[in-house]
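Residue numbers (my numbering): 1216 to 1336.
Glycine included, C-beta positions come from ideal geometry on N, C-alpha and C.
Being a predicted model, the structure only gives us computed values, none of them experimental.
One structure is given below, encoded as structure tokens.
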């Protein structure tokens, strides 16, 4: 199970990144059910983590604009297990999207300090 809290109206979870030859690097993410891919990080964070580039992806943003976004590869700990994740290098806030939540149950207690839980189905 993955757990987090509601902070300032946002469901927050922490995802550890596996970086070669370095300790795990935990990053706080906002759960965004309107984001249909896996993870989104600001470009500065992607550069700092030195995540390998995979390809450019044509994306349709919330404002209905179409852009090309760089996609990078990361190894994360998800439910205590290593897995590869797609990371879109865009935006100002780390987001976790519904593609990573596939086959999981998301429960959010929408009150300040409320519990956020993600369980495998």
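In or out: residue i buried (at least 16 other Cβ within 10 Å) or exposed?
i, result
"residue 1297", "exposed"
"residue 1271", "exposed"
"residue 1253", "buried"
"residue 1232", "buried"
"residue 1282", "exposed"
"residue 1330", "exposed"
Taking the Cβ atom as the reference point for each residue, do residue i and residue j lie within a distance shorter than 9 Å?
i, j, result
"residue 1248", "residue 1328", "no"
"residue 1319", "residue 1336", "yes"
"residue 1217", "residue 1332", "yes"
"residue 1229", "residue 1238", "no"
"residue 1255", "residue 1316", "no"
"residue 1264", "residue 1220", "no"
Mapping DSSP to helix, strand and coil, what is residue i?
i, result
"residue 1300", "strand"
"residue 1285", "strand"
"residue 1258", "helix"
"residue 1314", "helix"
"residue 1277", "coil"
"residue 1253", "coil"
Can you pull the DSSP bridge partners for residue i?
i, result
"residue 1266", "Answer is none; residue 1266 lacks a bridge partner."
"residue 1220", "1227 and 1330"
"residue 1363", "Residue coverage of the chain in this structure runs from 1216 to 1336, which leaves residue 1363 outside it and unanswerable."
Next on the checklist: Can you confirm whether the stretch 1317-1332 touches the stretch 1268-1279 when touching is taken to mean that 3 or more C-beta pairs between the two stretches lie within less than 8 Å?
Outcome noted: no
Next on the checklist: Contact between the stretch 1282-1290 and the stretch 1219-1227 is defined here as three or more beta-carbon pairs at a separation below 8 Å; is this criterion met?
Outcome noted: no
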